[in-house]
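One structure below.
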Amino acid sequence: MSHRRTVRWLVVLAVCLFGGAASPPDSSTPAADQKAFQDYFRSRFPGVPFADFANGPYAVDAAMRKQWEEIMQFPPYDFALDEGKTAFAVKFANGKSYADCFANGGIGVRQNYPYFDTKTGDVVTLDLAINRCREANGEKPLKYGTGMMASLTAYMAETSRGKSFDIKIPDDPRAREAYEAGKQFFYTRRGQLNFSCASCHVTAAGQRMRGDILAPAIGILAAFPIYRSDWGSMGTIDRRFTTCSAQMRSVPLPPQDVAYRNLEYFLSYMGNGVPISGPGTRP
Amino acid sequence: MPSTIRVRAQAGDTVTEVQALIQHPMDSGFVKDSNGVLIPPHHIETVTFEHNGKIILTADWGPAVSKDPYIKFSFKGGAKGDALTVTWVDNLGKTDMLEAKLA
Chain A
15 MSHRRTVRWL VVLAVCLFGG AASPPDSSTP AADQKAFQDY FRSRFPGVPF
65 ADFANGPYAV DAAMRKQWEE IMQFPPYDFA LDEGKTAFAV KFANGKSYAD
115 CFANGGIGVR QNYPYFDTKT GDVVTLDLAI NRCREANGEK PLKYGTGMMA
165 SLTAYMAETS RGKSFDIKIP DDPRAREAYE AGKQFFYTRR GQLNFSCASC
215 HVTAAGQRMR GDILAPAIGI LAAFPIYRSD WGSMGTIDRR FTTCSAQMRS
265 VPLPPQDVAY RNLEYFLSYM GNGVPISGPG TRP
Chain B
12 MPSTIRVRAQ AGDTVTEVQA LIQHPMDSGF VKDSNGVLIP PHHIETVTFE
62 HNGKIILTAD WGPAVSKDPY IKFSFKGGAK GDALTVTWVD NLGKTDMLEA
112 KLA
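In the order they appear, the protein sequences are chains A and B. Residue numbers for the first sequence follow this note's numbering, beginning at 15 and rising by one. Residue numbers for the second sequence follow this note's numbering, beginning at 12 and rising by one.
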């Protein structure tokens with residue numbers, strides 16, 4: 015190789031190395047992630063109307079859908095919904111109520127949660143907002159995962175049915191950080207089974223895991239809280255996340271852990287445009 | 012306190028279809044709580060459906076029936092507006108009753 019050719023090759027190499035650095039491989043924006051995510055599910059399930067992803071496994075499996083429609087003639091979450099509606103209206107000891115803590119009196123706001131609070135610098139889920147509301151009014155926080163927390167979020171979701179997820183990522187580096195952390199959690203393999211959230215709910219979405227149909231990740235949170243027959247009771251997103259963690263044999267995090275909140279932020283943002291359908295029922 | 016019973020009864024041309032959901036823990040007596048203490052049995056023993064005062068179905072339930080049980084059946088006859096009464100009694104003697112109209 016002549017000396018001149020060597021120089022030319024070095025120049026080409028330099029252009030490749032440094033010219034290419036202008037667009038780093040990790041240049042994806044949340045909006046681009048979202049489009050790619052939604053396009054994937056659209057092409058994976060071409061027959062499914064986008065809004066139907068709110069119905070999880072029932073959107074992609076006709077037999078399950080039939081059973082679900084029968085269950086829905088008498089939804090098993092009815093009792094929880096009633097309990098939540100009653101509790102939502104009850105005044106705190108200081109005379110205020112939940113309605114005072116939320117925009118629009120807490121009616122029809124589920125689709126805006128979780129949001130990034132630029133004051134506190136963290137992701138606020140609906141469950142967390144409910145407990146912060148209680149604490150601000152001198153009440154004890156509710157236990158996460160089941161019971162009254164599930165009933166209250168069930169009522170708040172029910173008043174928001176049909177409104178599409180509208181999660182925003184404000185122009186704040188901390189919000190972007192929370193989003194990226196949630197995204198990383200979603201795609202990171204963990205536990206003895208070495209699964210990531212994406213292994214089941216993206217790659218294998220719609221397929222069977224033993225007797226269950228894996229719900230597509232898109233809009234997967236729209237139906238929460240859910241009455242899950244396997245649980246025999248209501249459960250919130252926390253309950254689902256901790257159960258998922260345990261099922262892939264990793265150590266579940268505490269409910270409302272920062273990592274779970276970031277995950278909820280990422281997942282809900284991916285599902286922007288999917289209407290709220292909660293409370294839901296799942297096998 | 013809201014009723015523990017939900018009922019929906021639809022009168023058709025020849026048969027009436029009845030669905031009911033009852034809120035009840037249905038503890039079998041064989042399950043331990045998180046402290047390892049047995050949860051005492053607490054389950055419904057009898058459910059009765061009456062149509063215009065006449066018993067049309069009696070169910071003897073035991074510990075094997077699931078929590079918040081659901082029941083669906085149909086009977087011949089029945090017209091819109093007829094009275095339907097649902098009653099349950101559990102092993103602790105607790106009871107609840109609901110009166111509904113056929114739709």
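Heads up, the beta-carbon is just placed ideally off N, CA and C, and yes, glycines get one too.
Spatially closest choice to residue i from the options, by CA coordinates
i        : options                                   : result
A/Pro239 : A/Gln52, A/Leu95, A/Asp186 and A/Val123   : A/Leu95
B/Ile82  : B/Leu113, B/His53 and B/Leu68             : B/Leu68
A/Arg224 : A/Cys214, A/Gln198 and A/Leu281           : A/Cys214
A/Met170 : A/Lys49, A/Ala101 and A/Pro268            : A/Ala101
A/Val137 : A/Ala189, A/Ala236, A/Met78 and A/Ile144  : A/Ala189
A/Val265 : A/Tyr283, A/Tyr279 and A/Gln206           : A/Gln206
A/Phe255 : A/Ala65, A/Asp66 and A/Pro268             : A/Pro268
B/Ile33  : B/Thr98, B/Ser45 and B/Lys112             : B/Thr98
B/Lys91  : B/Val26, B/Ile16, B/Arg17 and B/Met37     : B/Val26
A/Ile227 : A/Asp75, A/Asn108, A/Arg203 and A/Gly176  : A/Asp75
B/Pro52  : B/Val29, B/Asp38, B/Ala114 and B/Ala75    : B/Asp38
B/Ala94  : B/Phe60, B/Ser14 and B/Pro74              : B/Phe60
B/Ala114 : B/His62, B/Ala75 and B/His35              : B/His62
B/Gly64  : B/Lys43, B/Gly89 and B/Pro36              : B/Gly89
A/Ser42  : A/Val216, A/Tyr279, A/Glu194 and A/Gly285 : A/Glu194
A/Ala46  : A/Gln221, A/Met284 and A/Gln87            : A/Met284
A/Glu172 : A/Phe179, A/Ala237, A/Val216 and A/Gly135 : A/Ala237
A/Ile251 : A/Leu142, A/Arg222 and A/Ala65            : A/Leu142
A/Gly246 : B/Phe41, B/Val76 and B/Ala31              : B/Val76
Cβ-based burial, residue i [other Cβ within 10 Å; buried from 16]
i        : result
A/Ile181 : buried
B/Ile133 : With chain B represented from 12 up to 114, any question about residue 133 of chain B goes unanswered, as that position is not in the structure.
A/Arg263 : exposed
A/Thr139 : buried
A/Thr242 : For the record, residue 242 of chain A in the displayed sequence is Arg; it is not Thr. When all chains shown are included, A/Arg242 counts as buried.
B/Arg17  : buried
B/Asp79  : buried
A/Phe209 : buried
A/Asn270 : A quick correction: the sequence has Gln, not Asn, at residue 270 of chain A. It is buried - the Cβ of A/Gln270 has at least 16 other Cβ atoms within 10 Å.
A/Lys197 : buried
B/Asp101 : buried
A/Ile234 : buried
A/Tyr279 : buried
A/Val288 : buried
A/Gly61  : exposed
B/Pro36  : exposed
A/Pro44  : buried
B/Gly73  : exposed
Contact set for residue i: own chain, Cβ-Cβ below 6 Å, skip 5 residues either direction
i        : result
A/Phe229 : It should be noted that the sequence gives Ala, not Phe, for residue 229 of chain A. Excluding sequence neighbours, A/Ala229 sits near Gly70 and Pro71.
A/Trp82  : Tyr72
B/Glu28  : Gln21 and Ser85
A/Arg148 : Pro155
B/Thr96  : Glu61 and Glu110
A/Phe116 : Val123
A/Gly135 : Arg188
A/Pro297 : Ser243
Cβ-based neighbour list, residue i, same chain, cut-off 8 Å, excluding 5 preceding and 5 following
i        : result
B/Asp71  : Glu56 and Thr57
A/Glu153 : Phe106 and Ala107
B/Ser14  : Asp107 and Leu109
A/Ala212 : Phe200, Tyr201 and Ala231
A/Lys110 : Asn151
Nonlocal neighbours in the same chain, by C-beta distance under 7 Å from residue i, ignoring five residues either side
i        : result
A/Ser174 : Gly122, Val123, Arg124, Gln125 and Ile290
A/Gly249 : Gly159, Thr160, Ala164, Pro239, Ile240 and Arg242
B/Asp24  : none
A/Tyr91  : Ala168, Tyr241, Met248, Pro293 and Thr295
A/Leu166 : Gly98, Ala101, Phe102 and Ile144
A/Arg253 : Gly159 and Thr160
A/Arg79  : Tyr72
Practice item. Name, going along the chain, the residues of the segment 66 to 77 of chain B whose beta-carbon falls closer than 9 Å to a beta-carbon of chain A. Key: Ser77
Can you give me, in chain order, the residues of the segment 80 to 91 of chain A that have a beta carbon less than 8 Å from any beta carbon in chain B? Gln87, Phe88 and Pro90
Scan the segment 226 to 260 of chain A for residues whose Cβ lies nearer than 8 Å to a Cβ of chain B and list them as they occur along the chain.
Gly246 and Ser247
Please identify, using Cβ separations under 7 Å, the residues of the segment 124 to 148 of chain A that lie next to chain B, in order along the chain.
none
key: the segment 20 to 39 of chain B: positions lying closer than 9 Å to chain A by Cβ   = Gln30, Ala31, Leu32 and Gln34
_Closer than 9 Å between beta carbons: that is the criterion. Which residues of the segment 93 to 117 of chain A meet it against chain B?_
Phe93, Asp96, Glu97 and Thr100
**Item:** Where the segment 95 to 109 of chain B meets chain A: residues whose CB sits under 7 Å from a CB there
**Value:** none
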